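As structure tokens, the structure follows; a few thoughts come after it.
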DNA sequence: GAATATAGTTAGCTATGCTAACTAAATCGC
DNA sequence: GCGATTTAGTTAGCATAGCTAACTATATTC
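Chains as they are written, first to last, in our numbering: chain A, 5 to 154; chain B, 5 to 154.
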């Protein structure tokens with residue numbers, strides 16, 4: 005194993021933690037993508053749609069911020085969503101802004117995908133004991149905060 | 005909020021957990037991708053490279069399985085890695101198979117990326133108390149098992 | 001009212017997923 | 001031992017998703 009100089013001291017464990025989270029995130033998404041593909045909606049579209057469904061209507065720029073992508077990227081994601089009839093663009097008083105709203109169809113599709121995901125994950129969780137399930141639930145609560153701070 | 009019929013009973017909490025993990029994974033990767041881009045190596049390439057560096061040499065098919073992608077996808081990822089001089093293709097006794105080996109340069113680049121990631125994540129973790137840091141470390145151990153079972 | 005700032009879109013590049021169809025090598029069956 | 005089948009990998013072609021640069025249109029500022 006190559007010897008690498010470290011600036012920080014406490015990094016041996018954090019290094020492993022970071023790598024495991026990174027790797028787990030990659031593989032988790034790959035697994036869930038298989039199920040998500042059944043909806044015919046891409047992962048980025050699904051994630052953006054979920055913000056609109058659970059967080060309510062907002063402008064394209066706000067949605068781009070929430071999803072941590074650039075406006076042109078979100079513009080194209082939204083184009084796909086509107087073409088699929090999952091999101092509606094509404095005009096606002098400010099003629100430059102749009103208000104993006106999830107349609108009934110979009111809301112329904114999102115809930116169905118959510119159901120498929122939890123079925124997949126419930127399968128995996130069934131093999132864990134209750135203590136581990138509880139810890140996983142804690143992690144799910146903790147992660148958004150951490151991600152927000154990166 | 006739309007009313008959706010549920011097949012399973014215990015899903016209320018699992019539903020939330022699944023969704024939060026999904027969302028956290030998406031946003032974690034988006035954040036870390038910013039740092040990973042400094043290496044000039046894409047996320048899929050980086051992940052495949054990490055398997056070769058930490059798991060040792062293997063064939064393209066094995067690598068595709070490990071990364072849960074189809075052979076053609078892995079074939080292209082490996083092409084990028086070899087073009088960048090990070091991975092070497094070696095012949096085996098079986099003329100159909102290739103042995104993929106991380107080069108010294110590839111190993112070095114991976115370690116540098118790992119360092120950048122942990123610096124980003126250490127920053128985020130600094131805002132957590134030690135109890136939470138410990139729990140996070142435990143969960144990072146748990147995640148790969150779970151992902152494997154999905 | 002002209003200059004500037006802000007919100008989104010369009011164009012064009014790269015990377016990464018997929019399936020279908022192909023090549024080449026190994027193995028099986030007779 | 002030789003044709004048929006199986007296996008490993010590649011190539012071609014399509015879609016999604018990231019980005020920057022450059023553009024349009026609307027608001028705001030001076």
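Just so you know, even glycine gets a beta-carbon here, dropped at the ideal spot from N, CA and C.
No experiment lies behind these values; they were computed from the predicted model shown.
Residue i vs residue j beta-carbon contact at 7 Å
| i | j | result |
| --- | --- | --- |
| residue 90/B | residue 110/B | yes |
| residue 2/B | residue 86/A | Shown here, chain B extends from 5 to 154; a query on residue 2/B therefore has no answer. |
| residue 49/A | residue 84/A | yes |
| residue 128/A | residue 153/B | yes |
| residue 102/A | residue 28/B | no |
Residue i, buried or exposed, once every other Cβ within 10 Å from all chains shown has been counted against 16
| i | result |
| --- | --- |
| residue 17/A | exposed |
| residue 130/B | exposed |
| residue 40/A | buried |
| residue 82/B | buried |
| residue 117/B | buried |
| residue 155/A | With chain A covering 5 to 154 only, the question about residue 155/A has no answer from this structure. |
| residue 57/A | buried |
Same chain only: Cβ atoms within 8 Å of residue i, ignoring 5 sequence neighbours per side
| i | result |
| --- | --- |
| residue 53/A | 45, 85, 90, 91, 106, 110, 113, 114 |
| residue 37/B | 47 |
| residue 61/A | 94, 103, 104, 105, 106 |
| residue 96/A | 63, 102, 103 |
| residue 132/B | 140 |
Where residue i sits in the DSSP three-state scheme
| i | result |
| --- | --- |
| residue 136/B | helix |
| residue 73/B | coil |
| residue 97/A | coil |
| residue 125/B | helix |
| residue 130/B | helix |
| residue 90/A | coil |
Nonlocal neighbours in the same chain, by C-beta distance under 6 Å from residue i, ignoring five residues either side
| i | result |
| --- | --- |
| residue 147/A | none |
| residue 108/B | none |
Cβ shell of residue i (< 7 Å), same chain only, five flanking positions each side left out
| i | result |
| --- | --- |
| residue 71/A | 51, 52, 55, 78 |
| residue 42/A | 120 |
Practice prompt. Note down, in chain order, all residues in the region 57 to 76 of chain A with a beta-carbon under 9 Å from any beta-carbon belonging to chain B.
Written response: Those would be 57, 58, 71, 72, 73, in chain order.
Practice prompt. Mind checking the region 123 to 143 of chain A against chain B and listing, in chain order, the residues whose C-beta falls within less than 8 Å of any C-beta there?
Written response: Interface annotation for the region 123 to 143 of chain A against chain B: 123, 124, 125, 126, 127, 128, 129, 131, 132, 136, 139, 140, 141, 142, 143, criterion Cβ-Cβ distance under 8 Å.
Item to complete: Scan the region 83 to 114 of chain B for residues whose Cβ lies nearer than 8 Å to a Cβ of chain A and list them as they occur along the chain.
Response: So the list reads 111, 112, given in the order they occur along the chain.
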